[in-house]
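K.L.:
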Amino acid sequence: MSARTRGLAAAALAALLTLGAFADLEGQRRRGRGRGGGGGFGNDLAAYQEYNTPYTGEFTFVRLYYRTGGWGWNPGWSHDWPVAERNFGEIVDALTTINPRLGGGNVLAMDDPDLFKFPVAYLSEPGDWSMTEAEADNLSNYLRKGGFLIIDDMGGYRDLQWTDRMLEVLLPGHELVQLDVSHPIFDSFFHLEQSNIEMPHPYWGGTASYWGVLEDNDPEGRLMVIVNHDNDIGDYMEWSDRGFVPIALSNEAYKLGVNYVVYALTH
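Our numbering applies: residue 16 is where the sequence shown begins, and numbers increase by one.
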């Protein structure tokens, strides 16, 4: 067997082992351990990171960890993991030439230096978001050096207010501005109309709105952070193959996600 053949075989085996691990995790979820999304590991970061994959240069979905006392075995930051990222990766692979890492994504702490290897990070349920000084410093540097942050699964005034306060810690002097459909992020891959983005939150309804932080508060500057308010694209992605949410709305969530990634990789 040639060295190249051995390498390909090893890569194939690693992929099968990764998929097998996620399949086992999905079995646990169906038996109730991860009911409602998330892995059911509580705040045990190491347990989630057992499913991380080594850095290969491929686009890899990254979910940010933060410690929280809420939700017990199923903290808000982990909601929809790992199914949402697994399904989303399949969509990105089918529709674009990005060639993402398939099978799921990585979970990283906000102060992890490896965060800088990945251009896009995702944060779920910011209403419970907390940070140490080291985490805030690292995530702030990540955003200033070109990283892009998606904040999702939130609704109501309190969540938006708390998110704004946390962003002030990361990016002092920032302005959190409401985005309309004319912003380039809504035309970076799919051309989205207002009707595409005005989707309801999958649980409590309402009309989604989108907020962002622009570099140097410049209206023409790079978008560093996007906030999905009264929306939860992670939930739409997680349940898109289960029949629990309307197909049309899952499609719109995937369009938003693809646009976010393409925008982040091109700006």
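Heads up, the beta-carbon is just placed ideally off N, CA and C, and yes, glycines get one too.
With three or more C-beta pairs closer than 8 Å as the rule, is the segment 202 to 215 touching the segment 145 to 165?
P.N.:
no
K.L.:
Name, in chain order, the residues that DSSP records as bridge partners for A124.
P.N.:
Y80
K.L.:
Between which residues of its own chain and F204 is the CB-CB distance below 6 Å, once the five residues before and five after are set aside?
P.N.:
V273, N274, V277
K.L.:
Which residue from A62, F201, D143, R159 puts its Cα closest to that of P15?
P.N.:
This structure gives no information on residue 15, because the portion of the chain shown stretches from 16 to 282.
K.L.:
Could you have a look at H223 and say whether DSSP puts it in helix, strand or coil?
P.N.:
Reading off the sequence shown, one finds Ala at residue 223, where the question assumed His. Here A223 sits in coil by DSSP.
K.L.:
Could you tell me whether the segment 235 to 254 touches the segment 121 to 133, where touching means 3 or more Cβ pairs closer than 8 Å?
P.N.:
no
K.L.:
Using only the alpha-carbon positions, how far apart do N58 and P199 sit?
P.N.:
36 Å
K.L.:
Would S93 pass as a contact of G120 if the rule is Cβ separation under 8 Å?
P.N.:
no
K.L.:
What residues match up with V192 in a beta bridge as DSSP calls it?
P.N.:
G227
K.L.:
So who's on the other strand from I106, going by DSSP bridges?
P.N.:
According to DSSP, which records beta bridges pairwise, I106 is partnered with nothing at all.
K.L.:
Given a cut-off of 8 Å on the beta-carbon distance, is the pair D126 and Y70 in contact?
P.N.:
By the CB criterion at 8 Å, D126 and Y70 fall outside the cutoff.
K.L.:
How many angstroms separate the CA atom of L207 from the CA atom of K270?
P.N.:
8 Å
K.L.:
Check this for me: beta carbons of I166 and T178, under 8 Å apart or not?
P.N.:
yes
K.L.:
Does DSSP put L130 in a helix, in a strand, or in coil?
P.N.:
helix
K.L.:
Is the distance from the Cβ of S288 to the Cβ of R82 below 8 Å?
P.N.:
Because the chain is modelled from 16 through 282, residue 288 falls outside the range shown and cannot be assessed.
K.L.:
In the DSSP assignment, what residue or residues form a beta bridge with M181?
P.N.:
Paired residues: none, contrary to the question.
K.L.:
From what residue to what residue does the beta strand (DSSP E) around M239 run?
P.N.:
238 to 244 is the span of the beta strand (DSSP E), which, as asked, contains M239.
K.L.:
Along the chain, where does the alpha helix (DSSP H) containing L154 start, and where does it finish?
P.N.:
148 to 159
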